[in-house]
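Counting in the working numbering, the sequence shown runs from 28 upward without gaps.
Yeah, the Cβ is synthetic: ideal placement off N, Cα and C, and Gly gets one too.
Taking it in order: structure first as C-alpha coordinates, then the write-up.
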Amino acid sequence: MRDFQKTSHAITSKLRSVFEPTPLQHNAYLSGLYGAEIYLKREDLSPVRSYKIRGAFNAMNNAMEGRKTPPSFVCASAGNHAQGVAFMCKYFGVKGRIFMPVTTPQQKIMKTKAFGGELIEIELIGDYFDETLHAAQAFCTAQNAVFLPPFDAPDVIAGQSTVAAEISEQLGKLPDLVVLPVGGGGLSAGVTSYFERDTSYCFVEPAGGACLAAAIADGKPRKLEQISTFVDGAAVAQIGVENFAILQHYKDQQHLSINEDRLCTTLIEMLNVEGIVLEPAGALAVDALKDLPPDIKGKTVVCVTSGGNFDFERLPEVKERAQRYSGLKKYFILKMPQRPGALRDFLGFLGSHDDITRFEYLKKSARNFGTVLIGIETDNAKNFDHLSALAEGAGFQMRDITDDEVLASFLV
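Below is the structure:
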(Lines of atoms letter the chains of each structure in order from A; the text may use other names.)
(Lines give C-alpha, C1' and ligand atoms only; values in the text may rest on other atoms or scores of the structure.)
Protein backbone atom coordinates (compact mmCIF):
# COMPACT_ATOMS: atom_id res chain seq x y z
CA MET A 28 0.00 0.00 0.00
CA ARG A 29 2.70 2.49 0.97
CA ASP A 30 4.49 1.95 -2.35
CA PHE A 31 1.28 2.68 -4.23
CA GLN A 32 0.68 5.80 -2.14
CA LYS A 33 4.23 6.94 -2.90
CA THR A 34 3.59 6.45 -6.62
CA SER A 35 0.28 8.27 -6.39
CA HIS A 36 1.86 11.25 -4.63
CA ALA A 37 4.57 11.40 -7.29
CA ILE A 38 1.94 11.50 -10.04
CA THR A 39 0.02 14.13 -8.09
CA SER A 40 3.10 16.34 -7.91
CA LYS A 41 3.57 16.09 -11.67
CA LEU A 42 -0.09 16.93 -12.22
CA ARG A 43 0.39 20.29 -10.53
CA SER A 44 2.05 21.58 -13.69
CA VAL A 45 -1.26 20.88 -15.47
CA PHE A 46 -3.89 22.05 -12.98
CA GLU A 47 -4.41 22.82 -9.31
CA PRO A 48 -6.13 20.28 -7.02
CA THR A 49 -9.87 20.15 -7.50
CA PRO A 50 -11.69 21.51 -4.42
CA LEU A 51 -12.82 19.34 -1.53
CA GLN A 52 -15.83 21.34 -0.36
CA HIS A 53 -17.82 20.89 2.83
CA ASN A 54 -21.48 21.06 1.83
CA ALA A 55 -23.65 22.59 4.54
CA TYR A 56 -26.92 21.78 2.77
CA LEU A 57 -26.24 18.04 2.42
CA SER A 58 -24.61 17.86 5.85
CA GLY A 59 -27.73 19.29 7.47
CA LEU A 60 -29.99 17.07 5.42
CA TYR A 61 -28.27 13.82 6.40
CA GLY A 62 -26.82 14.65 9.83
CA ALA A 63 -23.26 14.00 8.69
CA GLU A 64 -20.21 15.97 7.60
CA ILE A 65 -20.58 15.74 3.83
CA TYR A 66 -17.74 16.80 1.55
CA LEU A 67 -17.83 16.94 -2.23
CA LYS A 68 -14.64 16.19 -4.15
CA ARG A 69 -15.38 18.44 -7.12
CA GLU A 70 -13.91 16.59 -10.09
CA ASP A 71 -16.50 18.47 -12.13
CA LEU A 72 -14.22 21.50 -11.69
CA SER A 73 -11.13 20.04 -13.39
CA PRO A 74 -10.02 21.72 -16.65
CA VAL A 75 -12.11 19.21 -18.64
CA ARG A 76 -14.88 19.02 -16.00
CA SER A 77 -14.12 15.39 -15.11
CA TYR A 78 -11.45 13.27 -13.44
CA LYS A 79 -10.52 11.61 -16.75
CA ILE A 80 -7.72 14.11 -17.32
CA ARG A 81 -5.77 12.41 -14.52
CA GLY A 82 -5.57 8.96 -16.07
CA ALA A 83 -4.87 10.42 -19.51
CA PHE A 84 -1.99 12.47 -18.10
CA ASN A 85 -0.31 9.55 -16.37
CA ALA A 86 -0.74 7.06 -19.22
CA MET A 87 0.58 9.51 -21.84
CA ASN A 88 3.43 10.72 -19.64
CA ASN A 89 4.59 7.16 -19.02
CA ALA A 90 4.28 6.24 -22.71
CA MET A 91 6.60 9.09 -23.68
CA GLU A 92 9.32 8.34 -21.14
CA GLY A 93 12.51 7.04 -22.72
CA ARG A 94 11.41 7.84 -26.29
CA LYS A 95 13.30 10.31 -28.41
CA THR A 96 10.28 10.81 -30.62
CA PRO A 97 6.91 10.97 -28.91
CA PRO A 98 4.31 8.54 -30.19
CA SER A 99 0.92 9.49 -31.52
CA PHE A 100 -2.00 8.58 -29.31
CA VAL A 101 -5.39 7.07 -30.05
CA CYS A 102 -8.54 6.69 -27.99
CA ALA A 103 -12.15 5.71 -28.52
CA SER A 104 -14.68 7.74 -26.58
CA ALA A 105 -17.80 9.83 -26.95
CA GLY A 106 -17.35 11.78 -23.76
CA ASN A 107 -15.05 12.65 -20.88
CA HIS A 108 -12.16 10.36 -21.81
CA ALA A 109 -11.99 11.95 -25.26
CA GLN A 110 -11.82 15.42 -23.74
CA GLY A 111 -9.14 14.39 -21.25
CA VAL A 112 -6.98 12.88 -23.98
CA ALA A 113 -7.49 15.90 -26.24
CA PHE A 114 -6.46 18.30 -23.45
CA MET A 115 -3.32 16.32 -22.69
CA CYS A 116 -2.36 16.06 -26.38
CA LYS A 117 -2.31 19.85 -26.51
CA TYR A 118 -0.46 20.07 -23.19
CA PHE A 119 2.27 17.63 -24.25
CA GLY A 120 2.35 18.90 -27.83
CA VAL A 121 1.71 15.45 -29.32
CA LYS A 122 -0.68 14.25 -31.98
CA GLY A 123 -3.78 12.27 -31.21
CA ARG A 124 -6.63 10.69 -33.07
CA ILE A 125 -9.94 10.37 -31.29
CA PHE A 126 -12.53 7.93 -32.57
CA MET A 127 -16.14 8.74 -31.77
CA PRO A 128 -19.44 7.10 -32.74
CA VAL A 129 -21.31 8.77 -35.59
CA THR A 130 -24.13 9.45 -33.14
CA THR A 131 -21.96 11.61 -30.84
CA PRO A 132 -23.68 14.97 -30.14
CA GLN A 133 -22.05 17.98 -31.82
CA GLN A 134 -21.58 19.65 -28.44
CA LYS A 135 -19.18 16.89 -27.33
CA ILE A 136 -17.34 16.91 -30.65
CA MET A 137 -16.83 20.66 -30.50
CA LYS A 138 -15.61 20.56 -26.89
CA THR A 139 -13.10 17.84 -27.73
CA LYS A 140 -11.83 19.87 -30.70
CA ALA A 141 -11.53 22.95 -28.51
CA PHE A 142 -9.35 21.11 -25.97
CA GLY A 143 -7.07 19.45 -28.52
CA GLY A 144 -6.85 22.14 -31.16
CA GLU A 145 -4.85 21.33 -34.29
CA LEU A 146 -2.99 18.48 -32.62
CA ILE A 147 -5.94 16.11 -32.69
CA GLU A 148 -8.08 14.58 -35.40
CA ILE A 149 -11.56 13.32 -34.74
CA GLU A 150 -12.88 10.38 -36.69
CA LEU A 151 -16.58 9.57 -36.56
CA ILE A 152 -17.17 5.91 -37.21
CA GLY A 153 -19.71 3.30 -36.11
CA ASP A 154 -23.26 3.57 -34.86
CA TYR A 155 -22.31 1.80 -31.62
CA PHE A 156 -19.31 2.19 -29.35
CA ASP A 157 -18.05 -1.36 -29.95
CA GLU A 158 -17.66 -0.54 -33.65
CA THR A 159 -15.84 2.67 -32.76
CA LEU A 160 -13.51 0.83 -30.38
CA HIS A 161 -12.61 -1.83 -32.93
CA ALA A 162 -11.83 0.84 -35.54
CA ALA A 163 -9.58 2.69 -33.08
CA GLN A 164 -7.67 -0.45 -32.13
CA ALA A 165 -7.25 -1.46 -35.76
CA PHE A 166 -5.84 2.00 -36.53
CA CYS A 167 -3.39 1.67 -33.63
CA THR A 168 -2.09 -1.63 -34.95
CA ALA A 169 -1.69 -0.31 -38.50
CA GLN A 170 -0.02 2.96 -37.46
CA ASN A 171 1.99 1.70 -34.47
CA ALA A 172 0.28 4.30 -32.30
CA VAL A 173 -0.36 4.11 -28.54
CA PHE A 174 -3.89 3.23 -27.52
CA LEU A 175 -5.21 4.93 -24.38
CA PRO A 176 -7.89 2.83 -22.65
CA PRO A 177 -10.51 4.79 -20.73
CA PHE A 178 -10.16 2.71 -17.55
CA ASP A 179 -8.73 -0.79 -17.98
CA ALA A 180 -5.00 -0.13 -17.58
CA PRO A 181 -2.63 0.17 -14.57
CA ASP A 182 -1.34 3.60 -15.66
CA VAL A 183 -4.89 4.94 -15.92
CA ILE A 184 -5.83 3.50 -12.51
CA ALA A 185 -2.73 5.05 -10.94
CA GLY A 186 -3.61 8.38 -12.53
CA GLN A 187 -7.13 8.30 -11.12
CA SER A 188 -5.74 7.47 -7.67
CA THR A 189 -4.55 11.07 -7.42
CA VAL A 190 -8.14 11.93 -6.48
CA ALA A 191 -7.57 10.01 -3.23
CA ALA A 192 -4.14 11.57 -2.67
CA GLU A 193 -5.74 15.02 -2.86
CA ILE A 194 -8.60 14.04 -0.56
CA SER A 195 -6.11 12.80 2.04
CA GLU A 196 -4.13 16.04 1.96
CA GLN A 197 -7.14 18.37 1.81
CA LEU A 198 -9.17 16.66 4.54
CA GLY A 199 -6.20 16.22 6.87
CA LYS A 200 -7.62 12.95 8.15
CA LEU A 201 -9.15 9.75 6.85
CA PRO A 202 -12.81 9.98 5.84
CA ASP A 203 -15.15 7.48 7.42
CA LEU A 204 -16.74 6.75 4.05
CA VAL A 205 -15.92 7.50 0.42
CA VAL A 206 -18.84 7.32 -2.02
CA LEU A 207 -17.61 6.41 -5.50
CA PRO A 208 -19.46 6.32 -8.82
CA VAL A 209 -18.57 3.27 -10.89
CA GLY A 210 -18.51 2.97 -14.66
CA GLY A 211 -15.59 0.97 -16.00
CA GLY A 212 -13.94 1.04 -12.58
CA GLY A 213 -10.89 3.26 -13.15
CA LEU A 214 -11.74 5.85 -10.50
CA SER A 215 -12.92 3.37 -7.87
CA ALA A 216 -9.94 1.05 -8.44
CA GLY A 217 -7.56 3.98 -8.08
CA VAL A 218 -9.13 5.37 -4.91
CA THR A 219 -9.38 1.96 -3.20
CA SER A 220 -5.77 1.18 -4.15
CA TYR A 221 -4.72 4.33 -2.33
CA PHE A 222 -6.83 4.08 0.84
CA GLU A 223 -7.22 0.28 0.88
CA ARG A 224 -8.97 -0.76 4.13
CA ASP A 225 -8.20 2.44 5.99
CA THR A 226 -11.69 3.69 5.15
CA SER A 227 -15.07 2.33 4.07
CA TYR A 228 -16.60 2.62 0.62
CA CYS A 229 -19.92 2.82 -1.10
CA PHE A 230 -19.83 1.92 -4.79
CA VAL A 231 -22.63 3.44 -6.84
CA GLU A 232 -23.76 2.35 -10.31
CA PRO A 233 -26.68 3.31 -12.55
CA ALA A 234 -29.35 0.62 -12.48
CA GLY A 235 -29.15 0.40 -16.26
CA GLY A 236 -25.43 -0.36 -16.24
CA ALA A 237 -24.50 -2.17 -13.04
CA CYS A 238 -21.48 -4.01 -14.46
CA LEU A 239 -19.59 -4.21 -11.14
CA ALA A 240 -22.56 -5.85 -9.44
CA ALA A 241 -22.77 -8.36 -12.30
CA ALA A 242 -19.06 -9.13 -12.04
CA ILE A 243 -19.25 -9.65 -8.27
CA ALA A 244 -22.22 -11.98 -8.71
CA ASP A 245 -20.34 -14.04 -11.31
CA GLY A 246 -16.88 -13.78 -9.77
CA LYS A 247 -15.47 -12.32 -13.01
CA PRO A 248 -16.24 -9.50 -15.45
CA ARG A 249 -19.34 -10.17 -17.52
CA LYS A 250 -20.70 -8.13 -20.39
CA LEU A 251 -24.22 -6.92 -19.77
CA GLU A 252 -26.60 -7.82 -22.56
CA GLN A 253 -28.27 -4.44 -22.46
CA ILE A 254 -27.48 -1.09 -20.84
CA SER A 255 -29.20 2.26 -20.52
CA THR A 256 -27.04 5.07 -21.89
CA PHE A 257 -28.75 7.85 -19.93
CA VAL A 258 -25.91 7.97 -17.38
CA ASP A 259 -23.44 8.13 -20.23
CA GLY A 260 -20.39 8.76 -18.04
CA ALA A 261 -20.94 5.47 -16.21
CA ALA A 262 -22.92 3.40 -18.72
CA VAL A 263 -20.39 0.62 -19.27
CA ALA A 264 -21.34 -2.89 -20.34
CA GLN A 265 -18.38 -4.63 -18.68
CA ILE A 266 -16.10 -3.69 -15.79
CA GLY A 267 -12.41 -3.55 -16.67
CA VAL A 268 -10.36 -6.68 -16.02
CA GLU A 269 -7.58 -4.78 -14.21
CA ASN A 270 -10.18 -2.81 -12.29
CA PHE A 271 -12.15 -5.83 -11.13
CA ALA A 272 -8.95 -7.51 -9.94
CA ILE A 273 -8.78 -4.68 -7.40
CA LEU A 274 -12.46 -4.07 -6.69
CA GLN A 275 -13.37 -7.72 -6.06
CA HIS A 276 -11.60 -7.41 -2.70
CA TYR A 277 -14.26 -4.90 -1.61
CA LYS A 278 -17.37 -6.93 -2.32
CA ASP A 279 -18.18 -6.74 1.40
CA GLN A 280 -18.60 -2.96 1.13
CA GLN A 281 -21.83 -1.18 0.23
CA HIS A 282 -22.96 -1.45 -3.38
CA LEU A 283 -25.90 0.55 -4.72
CA SER A 284 -27.71 0.63 -8.04
CA ILE A 285 -29.44 3.96 -8.62
CA ASN A 286 -32.69 4.39 -10.51
CA GLU A 287 -32.03 6.78 -13.40
CA ASP A 288 -35.28 8.70 -12.88
CA ARG A 289 -34.49 9.23 -9.18
CA LEU A 290 -31.04 10.41 -10.19
CA CYS A 291 -32.73 13.19 -12.17
CA THR A 292 -34.27 14.54 -8.97
CA THR A 293 -30.74 14.94 -7.56
CA LEU A 294 -29.49 16.64 -10.72
CA ILE A 295 -32.31 19.18 -10.44
CA GLU A 296 -31.83 19.56 -6.67
CA MET A 297 -28.10 20.26 -6.95
CA LEU A 298 -28.70 22.76 -9.73
CA ASN A 299 -31.57 24.61 -8.06
CA VAL A 300 -30.40 24.51 -4.43
CA GLU A 301 -26.61 24.56 -4.71
CA GLY A 302 -26.04 25.97 -8.20
CA ILE A 303 -23.86 22.95 -9.05
CA VAL A 304 -24.03 21.62 -12.59
CA LEU A 305 -23.42 17.86 -12.64
CA GLU A 306 -23.73 15.31 -15.39
CA PRO A 307 -25.75 12.18 -14.50
CA ALA A 308 -22.65 10.15 -13.60
CA GLY A 309 -21.35 13.06 -11.54
CA ALA A 310 -24.49 13.04 -9.40
CA LEU A 311 -24.44 9.31 -8.57
CA ALA A 312 -22.48 9.69 -5.33
CA VAL A 313 -24.73 12.50 -4.08
CA ASP A 314 -27.90 10.58 -4.93
CA ALA A 315 -26.58 7.56 -3.02
CA LEU A 316 -26.82 9.56 0.23
CA LYS A 317 -30.58 8.97 0.14
CA ASP A 318 -29.97 5.26 0.75
CA LEU A 319 -27.27 5.57 3.42
CA PRO A 320 -28.89 7.11 6.57
CA PRO A 321 -28.82 6.34 9.45
CA ASP A 322 -25.47 4.62 8.79
CA ILE A 323 -23.69 7.90 8.07
CA LYS A 324 -25.08 10.01 10.92
CA GLY A 325 -22.23 11.92 12.58
CA LYS A 326 -19.63 10.56 10.15
CA THR A 327 -17.28 12.24 7.68
CA VAL A 328 -18.36 11.32 4.17
CA VAL A 329 -16.68 12.24 0.89
CA CYS A 330 -18.77 12.05 -2.29
CA VAL A 331 -16.80 12.21 -5.53
CA THR A 332 -18.70 14.32 -8.05
CA SER A 333 -16.97 12.78 -11.03
CA GLY A 334 -18.07 15.09 -13.85
CA GLY A 335 -20.00 18.16 -14.88
CA ASN A 336 -20.21 17.83 -18.66
CA PHE A 337 -23.94 18.34 -18.84
CA ASP A 338 -25.58 19.20 -22.14
CA PHE A 339 -28.35 21.66 -21.26
CA GLU A 340 -30.35 20.44 -24.23
CA ARG A 341 -31.04 17.44 -22.00
CA LEU A 342 -32.53 19.58 -19.22
CA PRO A 343 -36.18 19.17 -20.34
CA GLU A 344 -35.73 15.38 -20.33
CA VAL A 345 -34.07 15.46 -16.91
CA LYS A 346 -36.84 17.66 -15.50
CA GLU A 347 -39.56 15.40 -16.90
CA ARG A 348 -37.93 12.23 -15.57
CA ALA A 349 -37.58 13.86 -12.15
CA GLN A 350 -41.22 14.91 -12.14
CA ARG A 351 -42.39 11.48 -13.22
CA TYR A 352 -40.31 9.80 -10.51
CA SER A 353 -41.72 12.20 -7.90
CA GLY A 354 -45.27 11.54 -9.13
CA LEU A 355 -45.76 15.16 -10.20
CA LYS A 356 -46.23 14.47 -13.90
CA LYS A 357 -48.35 11.78 -15.49
CA TYR A 358 -49.64 10.79 -18.88
CA PHE A 359 -53.12 9.36 -19.35
CA ILE A 360 -55.26 7.89 -22.07
CA LEU A 361 -58.50 9.77 -21.43
CA LYS A 362 -61.70 8.26 -22.77
CA MET A 363 -64.48 10.83 -22.71
CA PRO A 364 -68.06 10.98 -23.97
CA GLN A 365 -68.54 12.42 -27.46
CA ARG A 366 -71.06 15.07 -26.42
CA PRO A 367 -70.99 18.85 -26.43
CA GLY A 368 -69.42 20.23 -23.26
CA ALA A 369 -67.63 17.00 -22.24
CA LEU A 370 -64.17 18.51 -22.54
CA ARG A 371 -65.31 21.59 -20.59
CA ASP A 372 -66.59 19.31 -17.86
CA PHE A 373 -63.27 17.50 -17.61
CA LEU A 374 -61.30 20.74 -17.47
CA GLY A 375 -63.50 21.77 -14.55
CA PHE A 376 -62.13 18.84 -12.54
CA LEU A 377 -58.58 20.24 -12.69
CA GLY A 378 -57.30 21.96 -9.59
CA SER A 379 -55.61 25.35 -9.44
CA HIS A 380 -52.18 23.70 -9.42
CA ASP A 381 -52.87 21.21 -12.23
CA ASP A 382 -51.44 22.10 -15.63
CA ILE A 383 -52.06 20.35 -18.97
CA THR A 384 -48.75 19.91 -20.81
CA ARG A 385 -49.91 17.61 -23.60
CA PHE A 386 -53.29 17.20 -25.29
CA GLU A 387 -53.77 15.16 -28.43
CA TYR A 388 -56.79 13.40 -29.91
CA LEU A 389 -55.79 9.82 -30.68
CA LYS A 390 -58.96 8.87 -32.51
CA LYS A 391 -61.70 11.03 -33.92
CA SER A 392 -64.98 9.34 -34.73
CA ALA A 393 -68.72 9.71 -34.35
CA ARG A 394 -68.85 6.97 -31.75
CA ASN A 395 -69.98 7.43 -28.18
CA PHE A 396 -66.50 7.99 -26.77
CA GLY A 397 -63.37 9.78 -27.98
CA THR A 398 -59.80 9.03 -26.90
CA VAL A 399 -57.24 11.64 -25.90
CA LEU A 400 -53.59 11.52 -24.85
CA ILE A 401 -53.19 14.00 -22.01
CA GLY A 402 -50.16 14.99 -19.94
CA ILE A 403 -50.67 16.75 -16.62
CA GLU A 404 -48.26 18.39 -14.16
CA THR A 405 -49.13 19.24 -10.57
CA ASP A 406 -47.42 20.25 -7.33
CA ASN A 407 -48.64 17.35 -5.19
CA ALA A 408 -48.86 13.72 -6.27
CA LYS A 409 -52.10 13.27 -4.30
CA ASN A 410 -53.83 15.68 -6.68
CA PHE A 411 -53.97 12.92 -9.27
CA ASP A 412 -56.08 10.71 -7.00
CA HIS A 413 -58.58 13.53 -6.56
CA LEU A 414 -58.69 14.24 -10.31
CA SER A 415 -59.19 10.58 -11.21
CA ALA A 416 -62.00 10.19 -8.69
CA LEU A 417 -63.87 13.22 -10.04
CA ALA A 418 -63.38 12.21 -13.67
CA GLU A 419 -64.39 8.59 -13.25
CA GLY A 420 -67.38 9.60 -11.17
CA ALA A 421 -68.59 11.65 -14.12
CA GLY A 422 -68.22 8.81 -16.63
CA PHE A 423 -64.70 9.56 -17.89
CA GLN A 424 -62.09 6.79 -18.04
CA MET A 425 -58.45 7.61 -17.24
CA ARG A 426 -55.71 5.06 -17.90
CA ASP A 427 -52.32 5.99 -16.45
CA ILE A 428 -49.61 5.10 -19.01
CA THR A 429 -46.75 6.98 -17.35
CA ASP A 430 -44.86 3.80 -16.47
CA ASP A 431 -46.04 1.75 -19.43
CA GLU A 432 -42.78 1.67 -21.42
CA VAL A 433 -44.34 0.24 -24.57
CA LEU A 434 -47.26 2.64 -24.83
CA ALA A 435 -45.28 5.65 -23.64
CA SER A 436 -42.53 5.02 -26.21
CA PHE A 437 -45.09 5.23 -29.02
CA LEU A 438 -47.33 8.00 -27.72
CA VAL A 439 -45.28 10.29 -25.46
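Going by beta carbon distance, what residues of the same chain come within less than 7 angstroms of residue i, once the five residues before and after it are set aside?
i: residue 117; result: 142, 143, 144 and 146
i: residue 185; result: 34, 35, 38, 85 and 217
i: residue 261; result: 208, 209, 210, 232, 233, 236, 308 and 311
i: residue 254; result: 235, 236, 262 and 264
i: residue 404; result: 350, 355, 356, 382 and 384
i: residue 94; result: none
Exposed or buried, residue i, counting other C-beta atoms within 10 Å across all chains shown (16 or more means buried)?
i: residue 128; result: buried
i: residue 384; result: exposed
i: residue 187; result: buried
i: residue 44; result: exposed
i: residue 53; result: exposed
i: residue 387; result: exposed
i: residue 270; result: buried
i: residue 192; result: buried
i: residue 138; result: buried
i: residue 382; result: exposed
i: residue 56; result: exposed
i: residue 182; result: buried
i: residue 70; result: buried
i: residue 169; result: exposed
i: residue 40; result: exposed
i: residue 336; result: buried
Less than 8 angstroms between the CB atoms is what I'm expecting for residue i and residue j, so what's the real figure, rounded?
i: residue 307; j: residue 258; result: 4 angstroms
i: residue 364; j: residue 395; result: 7 angstroms
i: residue 248; j: residue 266; result: 5 angstroms
i: residue 389; j: residue 400; result: 6 angstroms
i: residue 256; j: residue 352; result: Going by Cβ atoms, the distance from residue 256 to residue 352 rounds to 18 angstroms, so no, they are not a contact pair.
i: residue 67; j: residue 332; result: 5 angstroms
i: residue 226; j: residue 204; result: 7 angstroms
Could you check what DSSP says for residue i in three-state terms: helix, strand or coil?
i: residue 248; result: coil
i: residue 16; result: Nothing can be reported for residue 16, as the shown portion of the chain is limited to 28 through 439.
i: residue 193; result: helix
i: residue 359; result: strand
i: residue 78; result: coil
i: residue 101; result: strand
i: residue 46; result: coil
i: residue 1; result: Because the chain is modelled from 28 through 439, residue 1 falls outside the range shown and cannot be assessed.
i: residue 117; result: helix
i: residue 70; result: helix
i: residue 380; result: coil
i: residue 287; result: helix
i: residue 96; result: coil
i: residue 130; result: coil
i: residue 254; result: coil
i: residue 208; result: strand
i: residue 273; result: helix
i: residue 168; result: helix
i: residue 58; result: helix
Under 6 angstroms Cβ to Cβ from residue i, same chain only, skipping five residues before and after it: list those, please.
i: residue 31; result: 220
i: residue 64; result: 58 and 327
i: residue 83; result: 111, 112 and 115
i: residue 330; result: 67, 206, 312 and 313
i: residue 378; result: 410
How many Å lie between residue i and residue j at the Cα?
i: residue 290; j: residue 425; result: 28 angstroms
i: residue 281; j: residue 319; result: 9 angstroms
i: residue 440; j: residue 42; result: Residue coverage of the chain in this structure runs from 28 to 439, which leaves residue 440 outside it and unanswerable.
i: residue 16; j: residue 276; result: The chain is shown from 28 up to 439; residue 16 falls before or after that span and cannot be answered.
i: residue 434; j: residue 359; result: 10 angstroms
i: residue 369; j: residue 437; result: 26 angstroms
i: residue 88; j: residue 133; result: 29 angstroms
i: residue 174; j: residue 108; result: 12 angstroms
i: residue 344; j: residue 171; result: 43 angstroms
i: residue 124; j: residue 356; result: 44 angstroms
i: residue 111; j: residue 180; result: 16 angstroms
i: residue 73; j: residue 402; result: 40 angstroms
i: residue 51; j: residue 303; result: 14 angstroms
i: residue 61; j: residue 375; result: 42 angstroms
i: residue 79; j: residue 427; result: 42 angstroms
i: residue 240; j: residue 199; result: 32 angstroms
i: residue 324; j: residue 296; result: 21 angstroms
i: residue 177; j: residue 224; result: 26 angstroms
i: residue 11; j: residue 126; result: The requested residue 11 does not occur in the structure, where the chain is confined to residues 28 to 439.
i: residue 76; j: residue 90; result: 24 angstroms
Here's a check: name, in chain order, each residue in its chain whose Cβ is nearer than 8 angstroms to the Cβ of residue i, leaving out the five neighbours to either side.
i: residue 283; result: 229, 230, 231, 232, 315 and 318
i: residue 406; result: 355 and 380
i: residue 287; result: 233, 234, 235, 255, 257, 258, 307 and 348
i: residue 162; result: 103, 126, 150, 152 and 153
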